[in-house]
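**Q** Provided herewith is a single structure, encoded as structure tokens, for subsequent inquiry.
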Amino acid sequence: MIGCKDWSEIYGQDRAIAFLKHSLERGEIPHALLFTGPKGVGKYTSALLLGAALICPSKKPDGCPACAKVARGVHPDLHIVEAEGNVIRREQVTEVERELNRKPHEAPCKVVIIDDANVMNAETANSFLKTLEEPPPESYMILVSPSKENLLPTVVSRCREVAFAALGKRDIEDFLINMEGLDEAEAERLARKSAGIFGRALTWARNPDIEKNWDRGVEIAASLRRLSLLQALDEADEARQRLGELAGAEMEEKPDLEAYLKAVDKRSRERLKKGFEEKEKRETARLKRQAAVDLFDGMSSFYRDIMLLNMTEEAGELSSGVPLINLEWREELEREALHIGSAESMRRLQVLQKARKALEANVDLGLLLDSLLLELKNA
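Each residue of the sequence shown is one higher than the last, beginning at 2 in our numbering.
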């Protein structure tokens, strides 16, 4: 999780944040909100910040103990619903509805955040409609989704949409230079590689080790043509082990959970502790999945660049003007482009896209990596 200290953590979303801050000041926050926008622009962090503001005695995220609990996702009056596997189950929503009908433990209200609400199936979404339309007193629900088109119209109609805008490459560069202190060359490199995903660029700027997943993907793609089948399988095994190690290293330091549990009753204490343990498991799985996504995207970027080089040559144009993602790999890209044509590059990109979808469906990562590298070699 990035930030969640105050509203300054959200960049380039002035309109959305102004609406939230103004609504807080007037005490007019809608009881059901829908945050929509591209990946990595701050929707989920904004949901946490709003949750902190609603729960905090000062009515704004100010870093107090209550806000710290919200940031960690362990406040007893905050309920976060995340997909289990690739779906949000009806039982998860039912449990949240039960909690909403109980009195708050510490705060003046209860807050529910449903991340990736778009993966609720129709049964789950329909079961939640009544709560969205007639929420219990002093309860707020924030749904987070890439777009409203991914949700049932009946769900959308019961929420106040807050749209988050896409950020351009220059916007990301400016933030990394002015707010993170990076030099222009490093900011340009991260903005280019992140494909416009602000959260990814910021994560890489603050945690350079995480960027290595992408870099390893590029390295594998660059060397794959020269590897034997056995060497390719060895690469898959090494990548799997590395992803597991990096996911463990990325886990945030555990908070002093016992300090959070002292002020609540036994039933709430058990629920909170169980919720925290489940959150840890989900977070570990999420980090491992994101590391694999970065690996796959690094490989995809290499073949995307090769395809552009080939298409430029076929069109009789100069390759110097091609907008490459991996500028630092130009020599290797031009060499590999002599052996891998645009059609083969497209095939490999499709193989990697299929692997991304399999990853979202919770296919075993070891088997997925083995089959991916073999299929890329067309073996």
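Beta carbons: idealized from backbone N, C-alpha and C, even for Gly. As the structure is a computational prediction, the values presented were derived from the model and not from experiment.
For GLU254, which residues of its own chain have a beta-carbon under 6 Å away from its beta-carbon, when the five flanking residues on both sides are left out?
**A** Translated into positions along the sequence shown, residue 254 becomes position 253. Residue confidence is low: GLU254 scores 47 on pLDDT, short of 50, so the model does not pin down where it sits. Its coordinate-derived value is still stated next. So no residue of the chain qualifies.
**Q** Roughly how far, in whole angstroms, is the beta-carbon of LYS194 from the beta-carbon of ILE326, given that I think they are within contact range, below 8 Å?
**A** For this step, residue 194 is matched to residue 193 along the sequence shown. For this step, residue 326 is matched to residue 325 along the sequence shown. LYS194 to ILE326, Cβ: 6 Å. Contact.
**Q** Use the C-beta contact count for ALA87: other C-beta atoms within 10 angstroms, 16 or more gives buried, fewer gives exposed.
**A** Taking the first residue of the sequence shown as 1, we reach residue 87 at position 86. Per the sequence presented here, residue 87 reads as Asn, with Ala not at that position. Looking at its Cβ environment, which holds fewer than 16 other Cβ atoms inside 10 Å, ASN87 is exposed.
**Q** Just list the residues that DSSP pairs MET121 with in beta bridges.
**A** For the purposes of this step, residue 121 is taken as the residue at position 120 of the sequence shown. The partner list for MET121 (beta bridge, DSSP) reads ILE89.
**Q** Which residue wins for smallest C-alpha separation from TYR304, given the options ARG90, GLU107 and ARG348?
**A** One-based indexing of the sequence shown puts residue 304 at position 303. Measuring from the Cα of TYR304, the nearest candidate turns out to be ARG348.
**Q** Suppose you measure from the CA of ALA188 to the CA of LEU130; what does that come to, to the nearest Å?
**A** Numbered from its first residue, the sequence shown carries residue 188 at position 187. Numbered from its first residue, the sequence shown carries residue 130 at position 129. The straight-line gap from Cα to Cα measures roughly 44 Å.
**Q** Can you list, in chain order, the residues of its chain whose CB lies under 6 Å from that of MET2, leaving out five sequence neighbours each side?
**A** For the purposes of this step, residue 2 is taken as residue 1 along the sequence shown, with counting starting at 1. Below a pLDDT of 50, predicted positions are generally treated as unreliable, and MET2, at 41, falls in that range; no measurement from the model is reported.
**Q** Could you tell me whether the Cβ atoms of CYS110 and LEU55 are closer together than 7 Å?
**A** For the purposes of this step, residue 110 is taken as the residue at position 109 of the sequence shown. For the purposes of this step, residue 55 is taken as the residue at position 54 of the sequence shown. Cβ atoms of CYS110 and LEU55: closer than 7 Å.
**Q** Please work out which residues of its chain come closer than 8 Å, Cβ to Cβ, to GLU124, disregarding the five sequence neighbours upstream and downstream, and give them in chain order.
**A** Numbered from its first residue, the sequence shown carries residue 124 at position 123. Correct list, in chain order: ARG91.
**Q** Kindly provide the ranges of any beta strand (DSSP E) runs that are 3 or more residues long and lie completely inside the stretch 130-208, ordered along the chain.
**A** Counting whole runs of 3 or more residues, the stretch 130-208 contains the beta strand (DSSP E) stretches 140-146 and 161-164.
**Q** For HIS80, report the span of its beta strand (DSSP E) as first-last.
**A** Numbered from its first residue, the sequence shown carries residue 80 at position 79. First-last of the beta strand (DSSP E) with HIS80: 79-82.
**Q** Please classify LEU1: does DSSP put it in a helix, a strand, or coil?
**A** Beyond the ends of the chain as shown, which are 2 and 380, falls residue 1; an answer cannot be given.
**Q** Just to confirm the assignment: which complete alpha helix (DSSP H) runs, minimum length 4, are found wholly within the stretch 298-352?
**A** Complete alpha helix (DSSP H) runs here, min 4: 331-338.
**Q** Keeping to the same chain, check which residues put their C-beta closer than 6 Å to that of ILE341; ignore five residues upstream and five downstream.
**A** Position 340 of the sequence shown, counting from 1, holds the residue named residue 341. So the qualifying residues of the chain are ILE307.
**Q** Specify the secondary structure class of ALA17 as computed by DSSP and reduced to three states.
**A** Here residue 17 corresponds to residue number 16 of the sequence shown, with the count starting at 1. In this structure, ALA17 counts as helix in the three-state DSSP scheme.
**Q** Measure the C-alpha to C-alpha separation of GLY41 and LEU230 and round it to an integer number of angstroms.
**A** On the sequence shown, residue 41 is found 40 positions in, with the first residue counted as 1. On the sequence shown, residue 230 is found 229 positions in, with the first residue counted as 1. So the alpha carbons of these two residues sit roughly 36 Å apart.
**Q** Who are VAL97's beta bridge partners in DSSP?
**A** Stepping through the sequence shown from its first residue, residue 97 is reached at position 96. Answer is none; VAL97 lacks a bridge partner.
**Q** For the beta strand (DSSP E) containing LEU55, list its first residue and its last residue.
**A** On the sequence shown, residue 55 is found 54 positions in, with the first residue counted as 1. Run containing LEU55: none in the beta strand (DSSP E); it sits in the alpha helix (DSSP H), 44-56.
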